[in-house]
Structure formats: structure tokens, C-alpha cells
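Enquirer:
Below is the structure:
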């Protein structure tokens, strides 16, 4: 990987424990001496490094893995999730790590004031500004009024640093990001040639996200904020530097293979290593906690802790056996590797017990594979998000007419028909007779795989199991020939039905009004970004978090979910939209006030 860790000398003092390093202020940051660009790059790497800890486990798993579309199967979280305490070690860690990022960024921002440094320092200033703003954005959106630190002195460990009102923090976040946008490299240029490095597109896209947050709860800034969100998201679209990957599944296979695609994956967190050897920073979440259950080290071990809710499954549509939306059976696994024999593919039929399948360790290329840890990168901003943010802002400002097509583009990619038709269904035209076992289904072109269902010697249905890898040139112009062979019988025939572009498109009802399209966008974001730590923040900014979680419990019980599976919803109250200020900081800093309800 093209990793910052190559130049992060400050990490070498503690390469056996990233967590230990992040809980100790490096000497380099206490008495920094930056006399040249190389030294500034070293310091900047330490600012980036905080992302690895934020997304390693606490943010995607402990704080965001339980919502109306996903839950923790172990029950470890389910009984206590959202009963947050100011003494919670994970919340304290989240708070402190973010402030470490702010502090490190401030050190760099003071260092670049050195007039003897060359002009390249401007790009470093832009990256540090943006990272400081992003860490402050995570702080204010999760904790509300917090201290806003714009210099390296004071730090968050100083006494009596007062909290700044949320609106003022958001204004500073926006100001920092706007300035940063003018200083950093464009995607594909200079240093911004891979997804782990900040580019103009990343800044523009995150600015759109910040403005959407400001438009909604709790600031409820409304129209002016939607206008800014639209303006910044359109900058990414209009740059022409980005596009949807033809195959949704390939996005996540590339993360596993350690490949970059900055057209789709605009900004991502860098991970590397397998838990053995020297310098590394791996994730506990991607593929490990949030993955397909596996006890096999060659495939890649995963606890399979995160499961998809029945609500998420139903959002994709189709039948239980198959869905025209390819994302469903990728994001929601139809199998596990955790049977009685390790490494044996085990189909899953229980819709209430399907693992999150988005992050699949069998595609990882680094060997040996880590034991319940992974080196896969984690996406912070994808191009699909840009399109759905444009749709949301445009719909809020002007209604559906110029907004719905952006949703359709995302849906067409999800259906595998962004660049041409694929096989929608296979219809059995003659069931034949005499079949004593499952016959082999061969589809012309060799792209798609399918399996037959036999009952009383007759082929009754054929289900597509794999659409193959979709590229810009793999679409069908005519239905492929279906051949049925083997199985001891004869006479069975079938025909393929191709998708049309309109199969994926929103219905007339979904585009009839701004409220209808907003609901469609909300559902689309769930389909597209499930297990990417975005659902809880989305529900909060829409002002529906508590209501939607309560409704999820009602609907879940009606679907047959046990009380234990939805017990955690009783913990969600109005206070749950913010995290508590850590008790340690409240004790140390008498100028802070605890958030309501804690």
C-alpha cells in the first residue's frame, strides 16, 4: 500500500501498540521542530494517523453498529447499547482521540507559519486544516457544545476550557474546510493520487456532508444550508474526476485486495498489516467484527458480530431467493464459513440470522491473514454519496424534477445495469421430467451463475446466484441461451429475461412529491451505505432517530423478532442523539457542562 506509515517516524517509538501510542503524546508533538517539508510531512502523518484509531472499532462498531438496519448478534451490545455512561471507556477514548487529532493539526498549522519553508507548505497547511475541521465536526456532531481549540496551547487537558456553542463550531469547521479546499491537490494530482490522501474532491464532498448536517437537526439551518450542500457536492460532480464503479461488489473487493479507485472511493482510512510483525495499523471492524462468520484462517477469521435486520433485507425488494438489486446478496450474506467444519461454505436460509456481507475476507490478498483483524481500508466518502447528497439537497430546494435521476443512477449501478442490461430472471418454460438430482445450469457468455430447484422430478425454478463481474462492456444486447444438463432427467427448458434501465428506476409514486422522494432517498442511503457507519448520523440529522428506532421495534415484533432482538430499542431516548461528556474531563474542566439526560 501507499502508506503514510512509510514516513511516520513518530510511530516507530511505539509500533507494537497503536492504542498505546495514541494514549501518549509523542515527544515530536510536544517540542516539534519543523525545518523542512520532509519533517512537516512526518508531523502531518501523525494527524492522519488519528483516523485509523477513530475508525478502527469505536466509531463504526460500538457507536454505530446498532440501528434499524443492523444489529449485534451477540447481545453484548443489545442490552446496554445507548445506555451510555460518562464513565464509558469507549466514549472517553473517542473524545480523547479526536482531541489528539485537533492538537496535532494545530501543531502543524503553527509550524507552517515559518517563513523560511517553501511554498509546498501551503498544501500541508490545507490538509492539516481539513483534518482539524473533520475532527471538530465529529466532536460537535456527537457531543454538541465542546471546547473549540484553534491553537496547540491550551490543549484539552488544560483546566477550565469552556465549551463553544455548536453553531460557532460548525462555522469554524466550514471556514477551515473552505480554506483547505483552495490549498490541497486535486484528486489524481500531486500527493492526492490515492484514496488515503485528502484531495479537493474529498474536501468538497465532506463540506456538502457538513452543510446537510447543518440543514437538519439540531441546527435546522434549512434552505441556506441546502444551497451550500448542493453547491459543494456539484463541484465534485462537475470536476469530471469521479464516477460510479460499474460493479458495486468490486468496490469492496478492491478494499480487500488493497487496490485504489479514486473515481468511486474519494476518501478512505488507510489500514495495513495482519497483527504480526512490525509497523502496522489494522482494523477490528472491517471483515472481522463486521464480516461473514468464519473460523478458518485461510479464508480469514471473523466473529460475524454484525447482522442485517429484516427491514434492510426487505428494502431491496425481490423474492426471498433472489433480488434484482445485486447489493442485497452482497451486503447481506447468504452463507457463512462457520459450520461444523471450518472453511466449508454453509448456506443460510434464516432471514433473521444473516451476517453483514459487505466486507469479505476471502478476497483479501495479504497473507497470512490476521486473526480477527484486517488490513482493509474503510471508506469515508464514496461518489455514490455525492450523488445522493445532490439529490437530497436539490429535492429540498426545488422538488423532485431535477433530483430523482441522481438516485436512479445509484440504483442502476446497484442493479448492475449502469452500462447495459443483465439477466433479471430465468423463467422455466418446461420443467421436464425424471430429474433425480439438481441439474447444471449453463448461461451463454459464462458471466452469470444460477442453480435449479427440483421437485418431484421436475425443474420448478431457476435462481440466479452470481451475476459475475460487471464492467462497462459486459451488458447483454439479447437474452442469453440457457442450457439445462445432467441431473438424471430431460426435457427442461428455460428462458432469460433481461433487465431494462427502468427496472431500477424509482416509481412514479416515489417521485411524485418532495416528501415522497426524500423517503426514497432515505431508503436508498440504507441500501447503499449499510455497515459504513452512516445510518445513525443520517437518522439524527433527519430528526427521526428516536421515532424510527421505536417504530423498528414495533415492526420487528410484528415480523416475528424476539423481544431480545429488539430490547435495546427501549434504551433509546431523546438524550441518545448526543453522547455524554466524559466524566474525567468534566472533573478536570469545571467550565464544561454535561449533556442533557446524562
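In UniProt numbering, the protein residues as written are 1 to 598. C-beta: ideal position from N, C-alpha, C; glycine also. Just so we're clear, the structure is a prediction, and the values are computed from it rather than from any experiment.
Count the CB pairs spanning the stretch 376-383 and the stretch 242-254 that are closer than 8 Å, and state whether there are at least three.
Expert: yes
Enquirer: Which same chain residues end up closer than 7 Å to residue 399 when comparing Cβ atoms and leaving out the 5 residues on each side of it in sequence?
Expert: Here residue 399 corresponds to residue number 399 of the chain shown, with the count starting at 1. The residues are 514.
Enquirer: Would you check if the distance between the CB atom of residue 95 and the CB atom of residue 137 is smaller than 9 Å?
Expert: For the purposes of this step, residue 95 is taken as residue 95 along the chain shown, with counting starting at 1. For the purposes of this step, residue 137 is taken as residue 137 along the chain shown, with counting starting at 1. No; because the gap between Cβ atoms is not below 9 Å, this pair is not in contact.
Enquirer: Are the stretch 215-227 and the stretch 538-547 touching, with three or more C-beta to C-beta distances below 8 Å?
Expert: yes
Enquirer: Can you tell which of 594, 392 and 525 has its C-alpha closest to the C-alpha of residue 69?
Expert: Mapped onto the chain shown, residue 69 falls at position 69. Considering only alpha carbons, the answer is 525.
Enquirer: Helix, strand or coil for residue 394 per DSSP?
Expert: Your numbering for residue 394 matches position 394 in the chain shown. If DSSP states are grouped into helix, strand and coil, residue 394 belongs with the helices.
Enquirer: According to DSSP, is residue 382 part of a helix, a strand, or is it coil?
Expert: Translated into the one-based positions of the chain shown, residue 382 becomes position 382. In the structure shown, residue 382 sits in a strand (DSSP, three-state: E or B).
Enquirer: Is it the case that the Cβ atoms of residue 364 and residue 300 are separated by a distance below 9 Å?
Expert: In the chain shown, counting from the first residue as 1, residue 364 sits at position 364. In the chain shown, counting from the first residue as 1, residue 300 sits at position 300. In contact: residue 364 and residue 300 (Cβ atoms closer than 9 Å).
Enquirer: Can you tell me whether residue 159 is buried or exposed? The criterion is at least 16 other CB atoms within 10 Å of its CB, across all chains shown.
Expert: Here residue 159 corresponds to residue number 159 of the chain shown, with the count starting at 1. Within 10 angstroms of the beta-carbon of residue 159 lie fewer than 16 other beta-carbons, which makes it exposed.
Enquirer: I'd like the ranges of any alpha helix (DSSP H) spanning at least 4 consecutive residues and lying wholly in the stretch 384-451.
Expert: 404-414
Enquirer: Looking at C-alpha atoms only, which residue of 122, 106 and 180 is the closest neighbour of residue 149?
Expert: Reading the chain shown from its first residue, position 149 is the one you call residue 149. Of 122, 106 and 180, the smallest CA-CA separation from residue 149 is found for 106.
Enquirer: In three-state DSSP terms, what is residue 218?
Expert: For the purposes of this step, residue 218 is taken as residue 218 along the chain shown, with counting starting at 1. If DSSP states are grouped into helix, strand and coil, residue 218 belongs with coil.
Enquirer: Label residue 27 either buried or exposed according to how many other C-beta atoms from any shown protein chain fall within 10 Å of its C-beta, with 16 as the threshold for buried.
Expert: Here residue 27 is taken as the residue at index 27 of the chain shown, counted from 1. Low confidence applies to residue 27: its pLDDT is 39, below 50, so where it sits in the model is not reliable, and the reading given next is rough at best. By the neighbour-count rule (16 or more Cβ atoms within 10 Å), residue 27 is not buried but exposed.
Enquirer: Alpha carbon to alpha carbon, how far is residue 48 from residue 133?
Expert: In the chain shown, the residue the question calls residue 48 occupies position 48. In the chain shown, the residue the question calls residue 133 occupies position 133. Residue 48 and residue 133: Cα-Cα distance of roughly 12 Å.
Enquirer: Are the beta-carbon atoms belonging to residue 177 and residue 140 less than 9 Å from one another?
Expert: Along the chain shown, read from residue 1 onward, the residue named residue 177 stands at position 177. Along the chain shown, read from residue 1 onward, the residue named residue 140 stands at position 140. No, the Cβ-Cβ distance between residue 177 and residue 140 is not below 9 Å.
Enquirer: List, from N- to C-terminal side, the alpha helix (DSSP H) runs of 4 residues or more that fit wholly inside the stretch 217-290.
Expert: 223-239 and 248-257
Enquirer: Where do the N-terminal and C-terminal ends of the alpha helix (DSSP H) with residue 563 fall, by residue?
Expert: In the chain shown, the residue the question calls residue 563 occupies position 563. From DSSP, the alpha helix (DSSP H) with residue 563 extends over 563-566.
Enquirer: Who are the Cβ neighbours of residue 4 in its own chain at under 6 Å, not counting the five residues just before and after it?
Expert: Residue mapping note: residue 4 aligns to position 4 of the chain shown, counting from 1. A caution first: residue 4 carries a pLDDT of 40, below 50, which makes its placement in the model unreliable, though a value can still be read off. Excluding residues within five positions, the ones whose Cβ falls inside 6 Å are 45 and 48.
Enquirer: Give a yes or no on whether the C-beta atoms belonging to residue 283 and residue 375 are separated by under 9 Å.
Expert: Here the question's residue 283 lines up with position 283 in the chain shown. Here the question's residue 375 lines up with position 375 in the chain shown. Yes.
Enquirer: In three-state DSSP terms, what is residue 528?
Expert: Within the chain shown, residue 528 is the residue found at index 528, counting from 1. Here residue 528 sits in helix by DSSP.
Enquirer: Do residue 357 and residue 294 have their CB atoms nearer than 9 Å?
Expert: Along the chain shown, read from residue 1 onward, the residue named residue 357 stands at position 357. Along the chain shown, read from residue 1 onward, the residue named residue 294 stands at position 294. Contact: no.
Enquirer: Can you name the start and end residues of the beta strand (DSSP E) that residue 107 belongs to?
Expert: Within the chain shown, numbered from 1, the residue matching residue 107 stands at position 107. Not the beta strand (DSSP E): residue 107 falls in the alpha helix (DSSP H), residues 89-111.
Enquirer: For residue 395, does the count of other Cβ atoms within 10 angstroms reach 16, so buried, or fall short, so exposed?
Expert: Counting from 1 along the chain shown, the entry for residue 395 is found at position 395. It is buried - the Cβ of residue 395 has at least 16 other Cβ atoms within 10 Å.
Enquirer: If you reduce the DSSP assignment to three classes, tell me which class residue 579 lands in.
Expert: Sequence index remark: in the chain shown, residue 579 carries index 579 (1-based). If DSSP states are grouped into helix, strand and coil, residue 579 belongs with coil.
Enquirer: Would the beta-carbon of residue 435 fall within 9 Å of that of residue 454?
Expert: As a first step, residue 435 is located in the chain shown; it is residue number 435 there, counting from the start. As a first step, residue 454 is located in the chain shown; it is residue number 454 there, counting from the start. Yes.
Enquirer: Using 8 Å as the threshold, is the stretch 102-119 in touch with the stretch 55-73, meaning 3 or more CB pairs across them?
Expert: no
Enquirer: Report back the beta-carbon spacing between residue 84 and residue 580 to the nearest angstrom; my notes put them in contact at under 8 Å.
Expert: Counting from 1 along the chain shown, the entry for residue 84 is found at position 84. Counting from 1 along the chain shown, the entry for residue 580 is found at position 580. Rounded, the Cβ-Cβ distance is 5 Å, consistent with contact.
Enquirer: So, does the stretch 270-279 touch the stretch 298-317, judging by three or more C-beta pairs under 8 Å?
Expert: no
Enquirer: Kindly give me the distance between the Cβ atoms of residue 324 and residue 406, rounded to whole angstroms, as I take these residues to be in contact under 8 Å.
Expert: Here residue 324 is taken as the residue at index 324 of the chain shown, counted from 1. Here residue 406 is taken as the residue at index 406 of the chain shown, counted from 1. With 8 Å as the limit, residue 324 and residue 406 do not qualify as a contact, their Cβ atoms being about 20 Å apart.
Enquirer: Following the continuous alpha helix (DSSP H) through residue 43, name the residue where it begins and the one where it ends.
Expert: Start at 1 with the first residue of the chain shown, and residue 43 comes out as number 43. Segment 37-54, the alpha helix (DSSP H) holding residue 43.
Enquirer: Please work out which residues of its chain come closer than 8 Å, Cβ to Cβ, to residue 518, disregarding the five sequence neighbours upstream and downstream, and give them in chain order.
Expert: Working through the chain shown from its first residue, we reach residue 518 at position 518. Within the same chain, residue 518 has close Cβ partners 392, 395 and 396.
Enquirer: Using the beta-carbon count (16 or more within 10 Å), is residue 590 buried or exposed?
Expert: To locate residue 590, count along the chain shown from 1; it is residue 590. Residue 590 should be labelled exposed.
Enquirer: Just to confirm, are residue 417 and residue 441 a CB contact at a threshold of 9 Å?
Expert: Counting from 1 along the chain shown, the entry for residue 417 is found at position 417. Counting from 1 along the chain shown, the entry for residue 441 is found at position 441. Pairing residue 417 with residue 441 gives a Cβ-Cβ distance that is not under 9 Å.
Enquirer: So residue 37 packs on residue 127, CB below 8 Å; how close in whole Å?
Expert: Here residue 37 refers to the residue found at position 37 when the chain shown is read from its first residue. Here residue 127 refers to the residue found at position 127 when the chain shown is read from its first residue. Between residue 127 and residue 37 the Cβ distance is about 12 Å, and since that is not below 8 Å, they are no contact.
Enquirer: Can you tell me whether residue 93 is buried or exposed? The criterion is at least 16 other CB atoms within 10 Å of its CB, across all chains shown.
Expert: Within the chain shown, the letter at position 93 stands for residue 93. Its Cβ being crowded by 16 or more others within 10 Å, residue 93 is buried.
Enquirer: The alpha helix (DSSP H) with residue 64 in it runs from where to where?
Expert: Numbered from 1 along the chain shown, position 64 holds the residue referred to as residue 64. Annotation for residue 64: no alpha helix (DSSP H) segment contains it, and DSSP assigns it neither H nor E.
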